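Data first, discussion second: the structure below is written as structure tokens.
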Amino acid sequence: MSSGAATPMISVIIPTYNRSRLLRSTLTALADQHASTDVFEVVVADDGSTDDTRQTVEDFTDRLRLRYHFQEDLGFRAGAARNAGARLARGAILAFVDSGILPGPDFVTGHLAAHREPGPARAVVGYTYGFRPEHPTPGLEEILRTHTPEEVVRDYGAVPAFQDSRHSLFATARFYLARTALPWQLFWTCNCSVPAAEFWAVGGFDEDFRSWGAEDTELGFRLYRHGLSFEVSREGWAVDSPHPRRSDPDLSDNRSNMLTFLHKHPEPVLELLWAWYSKHLPQLEDTRDWHVRLELPAVRRAVNRARSLDVTAELAHLRDTLPPGTRVAVFGCGGELPAGFPPADLFDYDETLRQRLPTDPAHPTHHAIGIRTVLPDAAVDVVLITSRLTPLWRRWRTHILAEAHRIGRSVRGPLLEAAEPASDTAG
6 MSSGAATPMI
16 SVIIPTYNRS
26 RLLRSTLTAL
36 ADQHASTDVF
46 EVVVADDGST
56 DDTRQTVEDF
66 TDRLRLRYHF
76 QEDLGFRAGA
86 ARNAGARLAR
96 GAILAFVDSG
106 ILPGPDFVTG
116 HLAAHREPGP
126 ARAVVGYTYG
136 FRPEHPTPGL
146 EEILRTHTPE
156 EVVRDYGAVP
166 AFQDSRHSLF
176 ATARFYLART
186 ALPWQLFWTC
196 NCSVPAAEFW
206 AVGGFDEDFR
216 SWGAEDTELG
226 FRLYRHGLSF
236 EVSREGWAVD
246 SPHPRRSDPD
256 LSDNRSNMLT
266 FLHKHPEPVL
276 ELLWAWYSKH
286 LPQLEDTRDW
296 HVRLELPAVR
306 RAVNRARSLD
316 VTAELAHLRD
326 TLPPGTRVAV
336 FGCGGELPAG
346 FPPADLFDYD
356 ETLRQRLPTD
366 PAHPTHHAIG
376 IRTVLPDAAV
386 DVVLITSRLT
396 PLWRRWRTHI
406 LAEAHRIGRS
416 VRGPLLEAAE
426 PASDTAG
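In terms of this note's numbering, the sequence shown is residues 6 to 432.
Laid out in structure tokens, this is it:
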């Protein structure tokens, strides 16, 4: 199901599953683009729909250059569907939108313009009005029944309740994402684009994500580490049309997927991100208003404060008091081990010190604070929390202790007996 001989410049990929009504609205908006259909194509990637999705696609073959991929319904496989759509795509730029997203009339030209700007390859974040899953825009569904997306944006674009939920972050950085600490965290597949070559260079979407959430930011993370810059396109805007959301299961899925994300990229920034998504869990309840970008400066200051703190005496004391065969993990191991230290998983949030430790299968090292590690439950007999965690102890004590007790049968360390130490915080 395709048309047009000329190679399109950009391919718009839409994953979908039993949302033919929403898909129809998205295809209608794409058919109303100012850009010529010679410039772009649309690829619908169907994750096993049983409704009239295929017929909906066929209804637009005279208005759009369309390709259609169907995969068997084996559960939630949006990442696999997007990858399949990307394999069908012929454009040098891949744009992704969800069913129910209503691209503005300059969506295609806006995304293309962003990729044509001088400089390194970039990932483009399209501004998305009305995308507020936790706080839907009141009355938007009724307004969209009688107004085009362009009219709605013209009349309500300055209304905070209608603006992109990321708007305050964009505005703080003056819409220049190089000023933000975590630009990849703003890369959402409701409206985004990336060069096809760079998409495949990092492997596309990770298909291990089999429920809602995190697969887009995880791709953004890999694109960022690959060297791409990130840019907001206000010209490539879209509107998210209201539709039912499974909020509670979705949030639970997101927490689970953040743990998958962390296991794939174990390092402090992902520990913090996991903690943010898990802050309402009973054992980690945290009502403080914070986000990862607010915590990172404190972690970086802690690295500098603890850089010269030598904990070899603490490690030696543990070595001398453990019976043979004891399984050990150390939070805050530093850059040197005393002679004869037993086999242990070693964690430190200072990557420079971690890299000073010799490569040794008996002492695997991990770049981590200890907020959440990659070890399974009850993995070790003893967890030692050294004084290198002092600068972070007041802020993250509850999380670190919960994690130590999750992976270890017993927990030791000077911070457990000492009075609450001074620490650096983000607030």
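Cβ atoms here follow ideal geometry from the backbone N, Cα and C, with glycine treated the same way.
Bear in mind the structure is a predicted one, so any value in this text is a computation, not a measurement.
Helix, strand or coil for residue i per DSSP?
i    : result
L277 : helix
Y229 : helix
W217 : coil
P419 : helix
H116 : helix
T133 : strand
P13  : coil
P396 : helix
L224 : helix
R414 : strand
D253 : Caution is warranted here: a pLDDT of 47 is assigned to D253, below 50, making its placement in the model unreliable, and no coordinate value can be reported.
A97  : coil
F352 : strand
H74  : strand
A243 : strand
S238 : strand
L79  : coil
L69  : coil
A344 : coil
A409 : helix
A126 : coil
Write down the C-beta distance between residue i and residue j rounded to the nearest angstrom, noting that I regard them as a contact closer than 8 angstroms.
i    : j    : result
E203 : A126 : 5 angstroms
F81  : R215 : 5 angstroms
M14  : V49  : About 19 angstroms; that fails the 8 angstroms criterion.
A373 : P271 : 6 angstroms
L267 : L275 : 4 angstroms
Q76  : A85  : 7 angstroms
G144 : D245 : With a Cβ gap of about 14 angstroms, G144 and D245 do not count as contacting.
Can you give me the Cβ contacts of residue i inside the same chain, cut-off strictly under 6 angstroms, excluding the 5 residues immediately before and after it?
i    : result
T42  : R70
F235 : A128, L182, P188
S25  : D56, D57, T58, T61
D103 : C195
R184 : A178
A321 : P343
L277 : V297, E300
R359 : D353, T370, H372
Below 7 angstroms CB to CB, which residues in the same chain sit around residue i once its five sequence neighbours on both sides are set aside?
i    : result
G209 : N88, A91
R260 : Y282, S283
W296 : The question names Trp, yet the displayed sequence has His at residue 296. Counting only Cβ-Cβ distances below 7 angstroms, and skipping sequence neighbours, we find W281.
G345 : R324
H410 : V416
P347 : R324, L327, T331, V333
Only counting the same chain, and skipping five residues up and downstream in sequence, which positions put a Cβ closer than 8 angstroms to that of residue i?
i    : result
G115 : G109, G131, S238, R239, E240, G241, W242
L233 : P125, A126, R127, A128, V199, E203
P165 : H172
L289 : A280, S283, T403, H404, A407
Please report the straight-line C-alpha distance between residue i and residue j, rounded to a whole angstrom.
i    : j    : result
L314 : G375 : 18 angstroms
F1   : D386 : Outside the displayed span of the chain (6 to 432) sits residue 1, for which this structure offers no information.
T357 : I106 : 44 angstroms
G162 : M263 : 32 angstroms
L79  : D52  : 8 angstroms
S415 : T378 : 16 angstroms
L35  : H74  : 18 angstroms
S392 : P154 : 57 angstroms
T403 : P381 : 19 angstroms
S54  : T12  : 29 angstroms
R298 : V207 : 24 angstroms
C195 : I405 : 34 angstroms
H140 : L420 : 41 angstroms
D353 : H371 : 7 angstroms
H368 : L351 : 6 angstroms
L201 : T142 : For the sequence presented, residue 201 should be read as Ala rather than Leu. If you take the alpha carbons of A201 and T142, they lie about 33 angstroms apart.
E341 : D365 : 13 angstroms
L217 : F192 : For the record, residue 217 in the displayed sequence is Trp; it is not Leu. Near 15 angstroms, if we compare the C-alpha coordinates of F192 and W217.
Q168 : L389 : 47 angstroms
D64  : L397 : 58 angstroms
P138 : G339 : 42 angstroms
G225 : W401 : 27 angstroms
V47  : D221 : 20 angstroms
Please confirm if residue i has its CB atom under 7 angstroms from at least one CB of chain C.
i   : result
D67 : No chain C appears in this structure, which consists of one protein chain only.
- Sequence ranges, beta strand (DSSP E) only - wholly within the region 135 to 204, length at least 3: The qualifying runs are 196 to 200.
- Just list the alpha helix (DSSP H) runs in the region 276 to 338, keeping only unbroken ones of 4 residues or longer that don't cross its boundaries, in chain order. Every alpha helix (DSSP H) stretch that sits fully inside the region 276 to 338 and reaches 4 residues is listed by chain position as 297 to 311, 317 to 326.
- Message: Report the start-end ranges of each alpha helix (DSSP H) in the region 20 to 61 that is 4 residues or longer and not cut off at the edges.
- Response: Whole alpha helix (DSSP H) segments, 4+ residues: 25 to 36.
- Item | Every unbroken alpha helix (DSSP H) within the region 356 to 386, with a cutoff of 4 residues, ordered by chain | You should have 356 to 361.
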